[in-house]
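Here's the structure, in structure tokens; my notes come after.
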Amino acid sequence: MADTAQTSSGKRTYEERNSLEPENNTPNLKRVCPPTEPGPSEEGATENQLASSGAAMSTAKPRSKLTCFRISGIPVSWNKDDLVRALRLFDPDFKDALKLSLFPACSGRTLTALLRLDPLTCSDYFRRMESRQEQYELIQGDPDIYLVIDRHFLGLTPLNAAGDDVLVDVVAVTGLAGHAFGSWCSNHTGCMWLQDLLPADLQSIRVMTYGYNSSLTRDTVEQTFVDYRRSFIHALMDARSKVESRPIIFIGHSMGGILILQVLLQAKARLQYRSLFDCTKAISFFATPHQGLYVKQLLEMAHDTGSGSKTEFIKQLNEGSYFLDTQREDISSLWESVSDIEIATFYEIKRTPTVSKGSSGSWARDGEDVQMVNKNSAMLFWPFEHRIPVDCNHRDIVKFSAGVDSTYRSVVNYMTRWVDSLQRLSGRGTETLSQRAKSKAQKILDWFFLEDIAKRHENLSDKRGDGIGTWALSTPEFSRWLGGDSESSSLLWVAGIAGSGKTYFSSLVVDHLFESFKASGSVGVSYIYFDYKERDHQRPIDIMSSVIKQLAGQLPQFPNKLVALYDECTGYQRRPDIKELRSLLLQLAKLFTRSFIVLDALDECDQEDQREALLPLFHQLKTNGFNLLVTSRPHPIDIQDSFRDVPCINYMAQDKDIKVYIDNRIDMMPRAKGLIRGSKIEDQFISNLISAANGVILFISLNVDFLCQQPTRHDILAELSKIRSAGDQETRMDRTYDRIMTSIRAQNPRSVKLAIKILTWLVAARRLLTLQELQDAVAIKLGHNELDKDRVPPPAIILDTCCGLVMIDEISKEVRLTHFTVHQYLLKEGIIADDMHQIIARASLTYLSFDLPLIEYEVVNSYFSTNYEDVMIDSDSYEKCVGSHPLLEYIAISLSYHLTFDELKTLPYIREFLSEPKQTTIYLQVLYQYIWMLKGDIQRSVLWRVHSQIHIATFIGHRAMVEYILLHEATSIESRDHNGNTPLHIAAACGKRAIASLLLEGGANIEAQDVE
1 MADTAQTSSG
11 KRTYEERNSL
21 EPENNTPNLK
31 RVCPPTEPGP
41 SEEGATENQL
51 ASSGAAMSTA
61 KPRSKLTCFR
71 ISGIPVSWNK
81 DDLVRALRLF
91 DPDFKDALKL
101 SLFPACSGRT
111 LTALLRLDPL
121 TCSDYFRRME
131 SRQEQYELIQ
141 GDPDIYLVID
151 RHFLGLTPLN
161 AAGDDVLVDV
171 VAVTGLAGHA
181 FGSWCSNHTG
191 CMWLQDLLPA
201 DLQSIRVMTY
211 GYNSSLTRDT
221 VEQTFVDYRR
231 SFIHALMDAR
241 SKVESRPIIF
251 IGHSMGGILI
261 LQVLLQAKAR
271 LQYRSLFDCT
281 KAISFFATPH
291 QGLYVKQLLE
301 MAHDTGSGSK
311 TEFIKQLNEG
321 SYFLDTQRED
331 ISSLWESVSD
341 IEIATFYEIK
351 RTPTVSKGSS
361 GSWARDGEDV
371 QMVNKNSAML
381 FWPFEHRIPV
391 DCNHRDIVKF
401 SAGVDSTYRS
411 VVNYMTRWVD
421 SLQRLSGRGT
431 ETLSQRAKSK
441 AQKILDWFFL
451 EDIAKRHENL
461 SDKRGDGIGT
471 WALSTPEFSR
481 WLGGDSESSS
491 LLWVAGIAGS
501 GKTYFSSLVV
511 DHLFESFKAS
521 GSVGVSYIYF
531 DYKERDHQRP
541 IDIMSSVIKQ
551 LAGQLPQFPN
561 KLVALYDECT
571 GYQRRPDIKE
581 LRSLLLQLAK
591 LFTRSFIVLD
601 ALDECDQEDQ
611 REALLPLFHQ
621 LKTNGFNLLV
631 TSRPHPIDIQ
641 DSFRDVPCIN
651 YMAQDKDIKV
661 YIDNRIDMMP
671 RAKGLIRGSK
681 IEDQFISNLI
691 SAANGVILFI
701 SLNVDFLCQQ
711 PTRHDILAEL
721 SKIRSAGDQE
731 TRMDRTYDRI
741 MTSIRAQNPR
751 SVKLAIKILT
761 WLVAARRLLT
771 LQELQDAVAI
781 KLGHNELDKD
791 RVPPPAIILD
801 TCCGLVMIDE
811 ISKEVRLTHF
821 TVHQYLLKEG
831 IIADDMHQII
841 ARASLTYLSF
851 DLPLIEYEVV
861 NSYFSTNYED
871 VMIDSDSYEK
881 CVGSHPLLEY
891 IAISLSYHLT
901 FDELKTLPYI
911 REFLSEPKQT
921 TIYLQVLYQY
931 IWMLKGDIQR
941 SVLWRVHSQI
951 HIATFIGHRA
961 MVEYILLHEA
971 TSIESRDHNG
981 NTPLHIAAAC
991 GKRAIASLLL
1001 EGGANIEAQD
1011 VE
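Structure follows, in structure tokens:
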């Protein structure tokens, strides 16, 4: 059929075609095959039947409700009038439709029509068509045309006339026993909001609804979730075959949400479907039963109808089912915290009438009112999840009568924000395709290693001073290493005593390499600054990940091998192992002409856990194209043995280096500059100080300020003479620290107390603390339930009271002891108390007792009940909590470290902690959110809904507390948390071997099934 109506642009749009009056050039149509004999009509087939299904369902009062028919296979040249004329060929009684819409089909070059009719007034042809029937009509012509008419709406159905500017695909999926069209229609107005409202409120979207055969009242194909998932995936792939990169927003009602997640799990794991996962940008879940729904009566009905397969299928949706527990575990790492996925969860407030069997034996929708999906089951508790209560029951939660419906407005507001965000990121916005590719590459690099070590390097470069360490760049050993003369010279060891400036030299080498090879573009440079305070983040696997991130980021084209490993690992929800990283690192080296790695302060690694693996790795890398420079102190035996035949530079700061450093320090202090510059003691002061330093720059940094604070030049020389006569270098360093401690103790008592508290936190802390973290830490007062901000010391006071033993990194804002030897001195001299970990633990528990914003404490007392999730905080709230209480993250990840240092002494503290729901709630929530964002090693599923004291004590790793609970509390060794895990499961998952042994000795069942 030709459409001869023209617009100024030459052709009518779909909207214009749909408004045309009947044309005079009626095509010559001829109906060939008669309709099959229709069956009896059915009422209510378009409603979601999750809570309203019934065999031979009876209703109290029939009502007229529009029935929607789908007509497929319509030629793209037809308009509405052409279709109406064709319908009257085989249905002469066909009257004008109450609503007729014509849209491009989801796939293929045809149109799909949606025809809404009143079942009481429509023709017999449509009235008698069964809900699951498909009617085929052949329209003879050139070519012949087959029209397919149905009411079942199985597969994908278009709901709007999307133009060429489509930005997003919106796909709605109905629930169990639902209908792809009727389930979204209002019972009051007949409004089908996905078609009638959404396209008008959101531009540039293609809306589709998906239907699948899951009827509970009729004979259906015996399908499983695997079958549903496969059908849905292939329907999506067909509909998106020419627009694979187009973003997707899913809308899922009840079981439809489960099906969406099933598809995404499969899509992430399978390369051929990966585009579906990558393009999914947002999901709106409506009453999706992630933890199950109330199916008691549905099971009874399925059993009564004799359908064993339906019974088994419904059991999969029951509360606590193995299927849903497994899916919840699988999806826990479906997206990373850095992902751009958006989740909106709408949960029902009202109860829903379920089905019951009447005296006649029929099932009717007149049973008790039940909560089909409770609030906790509807929520995922993900950081990027928005949760919205809806004052509706399970069926009506997706039925909106008009555009002013409050829930509909919430849906539109979220979707508008999502679409606007996608539009900004598209080619129509400010970000180019190249920028998007770079963003994706950076996301992958951050997945490999999140820490930004460039800040540490920048700070060292700024402080180094011109000329320091340049002498070593001219040594034969360094020249051979830099030149790559042979494999034997590709590993260079730089050994020097503590404080000699090796770290400054490492930063010099890094800058020298970047400067020397910047023009080539084919030389890779990476570096690692080991730190005794960062051992938890500097394991061999972390070191390789960091080097991979640095090298890959320097390549002109992002390496496919990184993408492949990332896709494989994220698809199977795991991290790469050390063998995979080693292989990837060796493959990366082949993409450069040369690859350099600078590793500073290897001696600050833990020997047993880290150096044993790293030293053999270094030798392997040097034989595979890498040039490595390693600095350390000379005395660790394992380093000496491993580097026995390795070229070595014995590093010690030269006199000219020290002079440069002294000059810089003097010029930075007006008082020192006035006393020394241009005076007769200048040369004597500098030469004597260089002699006393004996190649140790640290000695200068600790003493020059002290000397320049003396009132007269005579006093300066007198104090310098005392320092020079103190003995050998080690003794002079100890005397320097003694003198600094004397200065600290000479302050007023409050300043002394503050200094000791600062030093205690810096020595005992598991990692480096930021300035804000340390400020809060030293402001904690035991017994108080809030932090007094007037007790927080400013940065200058922190530095002054510690008299040079503490420094603040200007770039990272981390506070650290001036040198590793300060840490050793404070412990050796007993300045820091032996019970420092108990002190930190008590302060941490006090901090957890503070009132935090955005946590509803009136429901905290339900923490040990099934309503624990009521107090879960989302990512926005989490950021605000940590913003106002910056020490929270450190306490969450380190509390167990301090509590388990001396378990017998900390037993009273952890007993009190576990008896306080408020503290345990905050602890677990912050830890859960932190692990979610940084992808830590502990599985989030272990933390989720861990309620009881014995489970939390096991998770923390406090063996004494677990033993105490088993001996003194009425707690079974086989007790299960709300995940179904026993204490033994927790111990095994978290690597708590001592507790696992204790539990096994106590009779724990090693065969007990866990949530998996």
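Quick note: the sequence shown, position 155, residue 155 per full-length UniProt numbering, numbers continuous.
Where a beta carbon is used, it is the ideal one built from N, C-alpha and C, also for glycine.
All of these numbers come straight from a predicted model, not from anything done at the bench.
Collapsed DSSP secondary structure at residue i in the structure displayed
i, result
"CYS185", "strand"
"PHE820", "helix"
"TYR504", "helix"
"VAL926", "helix"
"GLU487", "helix"
"LEU904", "helix"
"MET652", "coil"
"TYR210", "strand"
"LEU117", "strand"
"PRO104", "strand"
"GLU431", "Residue placement at GLU431 cannot be trusted, given a pLDDT of 42 that sits under 50; what the coordinates show is reported in the next sentence. Reduced to three states, the DSSP call for GLU431 is coil."
"SER975", "coil"
"MET372", "coil"
Spatial distance of residue i from residue j (CA atoms)
i, j, result
"LYS99", "SER410", "27 Å"
"residue 1098", "ARG665", "Absent from the structure is residue 1098, since the part of the chain shown begins at 1 and ends at 1012."
"HIS188", "SER101", "21 Å"
"GLY804", "ILE780", "24 Å"
"TYR890", "ASN650", "39 Å"
"LEU117", "LYS350", "31 Å"
"VAL509", "GLN824", "28 Å"
"LEU154", "VAL84", "23 Å"
"MET129", "LEU216", "20 Å"
"ASP603", "ALA653", "19 Å"
"TYR897", "ARG959", "13 Å"
"ILE260", "PHE250", "8 Å"
"MET301", "VAL295", "10 Å"
"ILE965", "LEU914", "11 Å"
Nearest-angstrom Cβ-Cβ length linking residue i and residue j, presumed shorter than 8 Å
i, j, result
"residue 1013", "THR503", "No information on residue 1013 is available, as it lies outside the stretch 1 to 1012 that the chain covers here."
"MET415", "LEU293", "25 Å between Cβ atoms; not a contact."
"ALA953", "MET961", "4 Å"
"CYS648", "TRP493", "5 Å"
"residue 1014", "VAL76", "Any answer about residue 1014 is impossible in this case: the structure gives the chain only from 1 up to 1012."
"ALA267", "LEU156", "Actually they are not in contact, since the Cβ atoms of ALA267 and LEU156 sit about 16 Å apart, beyond 8 Å."
"GLY190", "HIS253", "Not confirmed; about 18 Å, so no contact."
"ASN627", "GLY521", "Going by Cβ atoms, the distance from ASN627 to GLY521 rounds to 17 Å, so no, they are not a contact pair."
CA nearest to the CA of residue i, picked from the options
i, options, result
"ILE839", "LEU924, LEU899, PHE69", "LEU899"
"GLY465", "ASP511, SER356, LEU998", "ASP511"
"GLN291", "MET255, LEU299, ILE283, SER284", "MET255"
"SER725", "HIS714, ILE744, ASN694", "ASN694"
"GLU608", "TYR566, ARG535, PHE643", "ARG535"
"TRP418", "ASP150, ASP196, VAL168", "VAL168"
"MET379", "GLY257, THR326, HIS303, THR311", "GLY257"
"GLY524", "THR475, ALA495, GLU568, LEU585", "LEU585"
"PHE384", "ILE283, ARG328, PRO353", "ILE283"
"CYS392", "SER406, LYS443, SER72, ASP325", "SER406"
CB contact below 8 Å: residue i versus chain D
i, result
"MET836", "No chain D appears in this structure, which consists of one protein chain only."
Does the stretch 552-568 come within contact of the stretch 630-638, defined as at least 3 CB pairs closer than 8 Å? no
Does the stretch 171-186 come within contact of the stretch 101-111, defined as at least 3 CB pairs closer than 8 Å? no
Tell me, please, whether the stretch 266-280 touches the stretch 136-151 by the rule of three or more beta-carbon pairs shorter than 8 Å. no
Flag this pair as touching only if the stretch 164-179 and the stretch 206-216 have three or more C-beta atom pairs under 8 Å; answer yes or no. yes
Say whether the stretch 242-252 touches the stretch 537-550, bearing in mind that this needs 3 or more beta-carbon pairs closer than 8 Å, one atom from each stretch. Counting C-beta pairs closer than 8 Å gives fewer than three between the stretch 242-252 and the stretch 537-550, which falls short of the contact rule.
Within 8 Å, do at least three Cβ pairs link the stretch 902-909 to the stretch 833-852? yes
Okay, do the stretch 790-805 and the stretch 750-757 touch, 3+ Cβ pairs below 8 Å being the bar? yes
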